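Q: One structure is given below, represented as structure tokens, and several questions about it will come after.
2 protein chains.
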Amino acid sequence: MKIALAQLNYRIGDFDANTLKIIGAVKKARDEKADLIIFSELAICGYPPDDFLDYNYFIKKCNSVLDQIIKASKGVSIIVGGPAENKNPKGRRLYNAAFYISDGKLLNTVFKTLLPTYDVFSEARYFQVNEVFEPVNVLGWKAAITICEDLWDEMDFFSYEEDPLKNIADKNPDIVFNISASPFNRSKRNEREDILRNQVLNYKLPLIYVNQVGAHTDIIFDGSSVVFNKKGELVLRLPSFEETIAYVDFEEGDIVGLEPLDKGVETGIEEIYKALVFGIKEYFTKSGFTKAVLGSSGGIDSAVVKCLAVEALGKENVLAVLMPSEFSSEGSVHDAIKLSGNLEVEYYTLPIADAFDAFRSILEPVFKDLLFGLAEENMQARCRAVLLMRISNKLGHILLNTSNKSEMAVGYSTLYGDMCGGLSVMGDVYKMEVYALAKYINRNEEIIPSEIMEKAPSAELRPDQKDSDSLPEYTL
Amino acid sequence: MKIALAQLNYRIGDFDANTLKIIGAVKKARDEKADLIIFSELAICGYPPDDFLDYNYFIKKCNSVLDQIIKASKGVSIIVGGPAENKNPKGRRLYNAAFYISDGKLLNTVFKTLLPTYDVFSEARYFQVNEVFEPVNVLGWKAAITICEDLWDEMDFFSYEEDPLKNIADKNPDIVFNISASPFNRSKRNEREDILRNQVLNYKLPLIYVNQVGAHTDIIFDGSSVVFNKKGELVLRLPSFEETIAYVDFEEGDIVGLEPLDKGVETGIEEIYKALVFGIKEYFTKSGFTKAVLGSSGGIDSAVVKCLAVEALGKENVLAVLMPSEFSSEGSVHDAIKLSGNLEVEYYTLPIADAFDAFRSILEPVFKDLLFGLAEENMQARCRAVLLMRISNKLGHILLNTSNKSEMAVGYSTLYGDMCGGLSVMGDVYKMEVYALAKYINRNEEIIPSEIMEKAPSAELRPDQKDSDSLPEYTL
């Protein structure tokens, strides 16, 4: 049995695009003589659909996509994820389901048991818990079809009462399939492979694990689908952050790779860099924009975001705006210009003094002789936001936020000022990782000027200000 | 048996305040010769505690408050809600519990069965589902102790598989207690009383229902606690939006009121008005602020918010800022001043032209001869936001947002402009209700000038603009 893993990128609620993509992959896999093609969790509607699941219209569309996939399955078998209606009028009205389709017919529907409801997950809002554990006859083999969390019954922070794989394993399946929508984080690929390998070793069953790829604003799905033989050896690992269709053989009760395993994977800061670039690309593609604008202060944060944006969108699609105030050092302006030169990115220099002074005059009747303070520091950031948002409005560029997670965690930022932007590129990146990203960007040549890397972090909103006046020092 | 209903206002995570309040109420009820005092759901930590429940420190504090309440229960019985640890290492680590305490001892702990996980509720994130259904011996009577949603097994949009009251009713209880944290909405009090009365009539059991009162930013709990005798007659209804301790007698297997039932309750726009004023008061009290600033355009939305703020905070705590642009009509400025006069509220008039012009000049190198358009309309709203936020920063006033739900629903507003503010007072109020609120405010005398009520809605961001240029007409 030749099995195809379809690691694809879906658009939530774009049923035409998802249908085309799924049926296209079915055709391709059939041309490659695959017997079975496996798609990821809720592939039909994209994951996470969230409260769209409450709309009848949305579920009707899902059902209609399923019908089209069934029609397209002549001569091949398919496992694909989508919502399924709960026939019982009590309880949640939907299940999170895997459909097993073969040669023009829907033969089986399997439901998800463990519904993650923590962190970014809210599946208990929508889905009924499965209580039936039976292997599915897939082309003569007994397959344990599971959905994502079903294999994660034991985690560091939480154990479920139910163990779905144990329940099916009692019925002697030959192979485990898992269709998944498992988001990326710093250590996720290792954690995921450890959990999957443990399940394989525990039940001595080969496993095919198909994850989706793609980003949805604040969640990135990395793909990184894997296949283990029953000895727990990795037979296939699909790339991170890329769509792929790949194949394995299932022969004599175990899985055999068709190509040598590519062991090279990114780790550490290289993987984070790739994730961030992918996240920017996805945000712009899925929201229908091509161009970005950002404030360029000459500091390390905006420097790194500018480099990430150029990598993701192309230098011709990034506009940098320098907005010096009376407190901006000459060095900072010079550094920002040098970086724009290195990246060949268009930039404007727009001093904010006139706007800042206008606001000061306008408010004189209110504040009279109150001294310059935090409110005036913040007002500079807000003047910059007004300029950036007018450019965004007028030219159709999405404003990229250049804050980092360390600043956000302690509130070292200005509401409606430097907190503005459509996408907070580094909203989940600590300041220490920002430096590591800068070093990675400069790995072959100096793109980010060394002056930017070396100077002490400063908001430059009052004379001689340093981040370390208000915050602990960063360990570099 | 004399029973006290403690309809109180808790602070989420302010354990000292909650302990003082609960123990104070216990003392008061004991002085009034009550045998039993009933508090609301999760009273110990306040509802909704959300992800605080994931912190061990938070749960330790809850346990310590419970110990103090137990110590304070000499000579009296108490039912109070709080989180309880799940001893099983599998499943969620907490239950949503009701503690039955009597004369210095914790005698019983009852867990919640139906865990709302929809709309504003996320209880499945934190709590394990109860599976034990036994009445509790309360001073010789068999009490069915239930928690909020436990009585809401059947709703228009959703039915649970489990019916907790049916399960306990099989064991012949004498009375039903329900401790609750049920939020307010337009029709909630009627809906709630209907559901409760149906349960009473169905099982022929008297019911004491204790709800919390208080607001937490976007959720308002109205209290409106009720008591039904076994015939389904309302014996007691506590006021909405007020803390109260009230008493009933339980004699010969039914509940008897101690005072005549006050049948007067607010409905319709009067109730919404009261809820909004209460919401403002609560937001300021719980976040430790006393003063508000708001933009005052001369339109109906800011007029109504100004009146609500004056009612909630007092006229001396509200600062109105008029920020006319070249497109503001003389009428609007005049109307806003007249309204400030009627309310005796301090105001400043700060024309934005100089700031607006400064931004236009600064951006000339970028935009060159691009015509005035939407970006410049939005920029006026953003100039106003900079002024308001500087006042907020400098003087410590919370900025009140003056948008309404109709505008928000269709995106007729400026991001980082009129969408700014700490509290969106009318974020859940439709434009048609804004007019109804204005009429209600003017019920005895003209506070909001008739000119404001009668003129066609306009953002006044370009010459002769009307809302109806971009939006359908409002039905008044």
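Keeping their order, the protein sequence lines are chains A and B. Mapped onto our numbering, the consecutive letters of the first sequence carry residue numbers 1 to 476. Mapped onto our numbering, the consecutive letters of the second sequence carry residue numbers 1001 to 1476. All C-beta atoms, glycine included, are put in the ideal place defined by N, C-alpha and C. This one's a predicted model, so the numbers in the text were calculated from it and none came from an experiment.
State yes or no: is the beta carbon of Asp369/A nearer than 9 Å to at least one beta carbon in chain B?
A: Here the question's residue 369/A lines up with position 369 in the first sequence. False, the Cβ-Cβ gap to chain B never drops below 9 Å.
Q: In chain order, what are the residue ranges of uninterrupted alpha helix (DSSP H) at least 4 long that sit wholly in the segment 1095-1119 of chain B?
A: none
Q: Identify each residue in the segment 374-385 of chain A for which the Cβ-Cβ distance to at least one residue of chain B is less than 8 Å, and report them in chain order.
A: Leu374, Ala375, Glu376, Asn378, Met379, Arg382, Cys383, Ala385
Q: Based on DSSP bridge pairs, tell me the residues matched to Gln7/A.
A: Counting from 1 along the first sequence, the entry for residue 7/A is found at position 7. Answer is Thr244/A, bridged to Gln7/A.
Q: Along chain A, in chain order, which residues have C-beta atoms closer than 8 Å to that of Leu1350/B?
A: For the purposes of this step, residue 1350/B is taken as residue 350 along the second sequence, with counting starting at 1. Residues of chain A whose Cβ lies closer than 8 Å to the Cβ of Leu1350/B are, in chain order, Ile362, Leu363, Pro365, Val366.
Q: Taking the straight line between their C-alpha atoms, what separation do you get for Val358/A and Ala456/A?
A: If you number the first sequence from 1, residue 358/A lands on position 358. If you number the first sequence from 1, residue 456/A lands on position 456. The identity of residue 358/A in the sequence shown is Ala, whereas the question assumes Val. If you take the alpha carbons of Ala358/A and Ala456/A, they lie about 31 Å apart.
Q: Along chain A, in chain order, which residues have C-beta atoms closer than 7 Å to that of Ile1219/B?
A: Counting from one through the second sequence, the residue named residue 1219/B turns up at place 219. Within 7 Å Cβ-Cβ: nothing; Ile1219/B doesn't reach chain A, min ~17 Å.
Q: What is the C-beta distance between Pro135/A and Pro164/A, in whole angstroms, given that I count them as a contact (C-beta under 8 Å)?
A: Here residue 135/A refers to the residue found at position 135 of the first sequence. Here residue 164/A refers to the residue found at position 164 of the first sequence. Between Pro164/A and Pro135/A the Cβ distance is about 12 Å, and since that is not below 8 Å, they are no contact.
Q: For the segment 299-323 of chain A, list the beta strand (DSSP E) runs that are entirely contained and at least 3 residues long, ordered along the chain.
A: Taking 3 residues as the shortest admissible run, the segment 299-323 of chain A contains the following complete beta strand (DSSP E) segments, listed from N- to C-terminal end: 318-322.
Q: Assess contact between the segment 1397-1415 of chain B and the segment 1233-1251 of chain B, defined as three or more Cβ pairs (one per stretch) separated by less than 8 Å. Is contact present?
A: no
Q: Between the segment 1089-1119 of chain B and chain A, which residues of the former have CB atoms less than 7 Å from a CB of the latter, in chain order?
A: Pro1089, Lys1090, Gly1091, Thr1117, Tyr1118
Q: For the alpha helix (DSSP H) that Phe15/A lies in, which residues bound it at each end?
A: By one-based count along the first sequence, residue 15/A stands at place 15. Unbroken alpha helix (DSSP H) run through Phe15/A: 15-31.
Q: For a test of the three-state rule: what should DSSP assign to Gly1341/B, helix, strand or coil?
A: Position 341 of the second sequence, counting from 1, holds the residue named residue 1341/B. The three-state secondary structure of Gly1341/B, taken from DSSP, is helix.
Q: Can you say whether Phe1157/B is buried or exposed, counting buried as having 16 or more other CB atoms within 10 angstroms of its CB?
A: What you label residue 1157/B is simply residue 157 of the second sequence in a count that begins at 1. It is exposed - the Cβ of Phe1157/B has fewer than 16 other Cβ atoms within 10 Å.
Q: Would you list the residues sitting across from Asn1211/B in a DSSP beta bridge?
A: Within the second sequence, the letter at position 211 stands for residue 1211/B. The partner list for Asn1211/B (beta bridge, DSSP) reads Ser1180/B.
Q: Shorter than 9 Å from the beta carbon of Ala1459/B to some beta carbon of chain A?
A: To locate residue 1459/B, count along the second sequence from 1; it is residue 459. With 9 Å as the cut-off, Ala1459/B does not count as an interface residue toward chain A.
Q: So, do the segment 416-428 of chain A and the segment 322-340 of chain A have three or more beta carbon pairs nearer to each other than 8 Å?
A: no
Q: Does the separation of the CB atoms of Leu205/A and Val227/A fall below 9 Å?
A: As a working mapping, residue 205/A is identified with position 205 in the first sequence. As a working mapping, residue 227/A is identified with position 227 in the first sequence. Not in contact: Leu205/A and Val227/A (Cβ atoms no closer than 9 Å).
Q: Cutting at 8 Å between CB atoms, please list the residues of its own chain near Val386/A, excluding the five before and the five after it.
A: Taking the first sequence and counting its residues from 1, the one referred to as residue 386/A is at position 386. If we look at Val386/A and ignore the five residues flanking it on each side, its Cβ neighbours are Ala355.
Q: From the DSSP secondary-structure annotation, give me the bridge partner or partners of Ile255/A.
A: As a position in the first sequence, residue 255/A is number 255, starting the count at 1. Note: Ile255/A sits in a beta bridge opposite Phe250/A.
Q: Quick one, which of Thr1117/B, Asp1218/B, Phe1111/B, Asp1031/B has its alpha-carbon nearest Ile1168/B's?
A: As a working note, residue 1168/B is residue 168 in the second sequence. Out of Thr1117/B, Asp1218/B, Phe1111/B, Asp1031/B, Phe1111/B has the C-alpha closest to the C-alpha of Ile1168/B.
Q: Starting from the beta carbon of Ser159/A, find every residue of chain B whose beta carbon is closer than 9 Å, and list them in chain order.
A: As a working mapping, residue 159/A is identified with position 159 in the first sequence. Under the 9 Å cutoff, chain B gives Pro1089, Lys1090, Gly1091.
Q: Please return the same chain residues whose Cβ sits closer than 7 Å to the Cβ of Val1310/B, not counting the five positions on each side in sequence.
A: Position 310 of the second sequence holds residue 1310/B. Closer than 7 Å at the Cβ level, and outside the excluded window around Val1310/B, lie Val1318, Leu1343, Val1345.
Q: If I'm right that Lys2/A touches Tyr209/A with Cβ under 8 Å, what's the distance once you round it to whole angstroms?
A: As a working mapping, residue 2/A is identified with position 2 in the first sequence. As a working mapping, residue 209/A is identified with position 209 in the first sequence. Lys2/A to Tyr209/A, Cβ: 17 Å. No contact.
Q: Kindly list the residues whose CB is nearer than 8 Å to the CB of Thr1475/B, restricted to its own chain and excluding five residues on each side of it in sequence; keep chain order.
A: As a position in the second sequence, residue 1475/B is number 475, starting the count at 1. Excluding positions up to five away in sequence, the list reads Met1432.
Q: For Ala124/A and Leu115/A, which I take to be in contact (beta-carbon distance under 8 Å), what is that distance rounded to the nearest angstrom?
A: Walking along the first sequence from the start, residue 124/A turns up at place 124. Walking along the first sequence from the start, residue 115/A turns up at place 115. Rounded, the Cβ-Cβ distance is 5 Å, consistent with contact.
Q: On the three-state DSSP scale, how would you describe Asp1222/B?
A: What you label residue 1222/B is simply residue 222 of the second sequence in a count that begins at 1. Strand, per DSSP.
Q: Hey, is the segment 1011-1020 of chain B in contact with the segment 1183-1193 of chain B, meaning 3+ C-beta pairs nearer than 8 Å?
A: no
Q: Which of the three DSSP states is assigned to Glu85/A in this structure?
A: In the first sequence, counting from the first residue as 1, residue 85/A sits at position 85. Residue state, collapsed to three classes: strand.
Q: Less than 9 Å between CB atoms is the rule here; does Phe1359/B satisfy it with respect to chain A?
A: One-based indexing of the second sequence puts residue 1359/B at position 359. Yes, Phe1359/B counts as interfacial toward chain A.
Q: Rounded to whole angstroms, how far is the Cβ of Leu322/A from the Cβ of Ala303/A, which I believe are closer than 8 Å?
A: If you number the first sequence from 1, residue 322/A lands on position 322. If you number the first sequence from 1, residue 303/A lands on position 303. With a Cβ gap of about 12 Å, Leu322/A and Ala303/A do not count as contacting.
Q: Who are the near neighbours of Lys1021/B in its chain, counting only those whose CB is closer than 6 Å to its CB and skipping five residues on each side?
A: As a position in the second sequence, residue 1021/B is number 21, starting the count at 1. The residues are Leu1008.
Q: Quick check on DSSP: helix, strand or coil for Met426/A?
A: Here residue 426/A refers to the residue found at position 426 of the first sequence. Note: Met426/A maps to strand in three-state DSSP.
Q: How big is the Cα-Cα spacing for Leu1363/B and Leu350/A?
A: As a first step, residue 1363/B must be located in the second sequence, where it is residue number 363. As a first step, residue 350/A must be located in the first sequence, where it is residue number 350. Going by the C-alpha atoms only, they are around 7 Å apart.
Q: Can you pull the chain B residues whose beta carbon is under 7 Å from the beta carbon of Ala355/A, in chain order?
A: Counted from its first residue, the first sequence places residue 355/A at position 355. Within 7 Å Cβ-Cβ: Ala1355, Ala1358, Phe1359, Ile1362.
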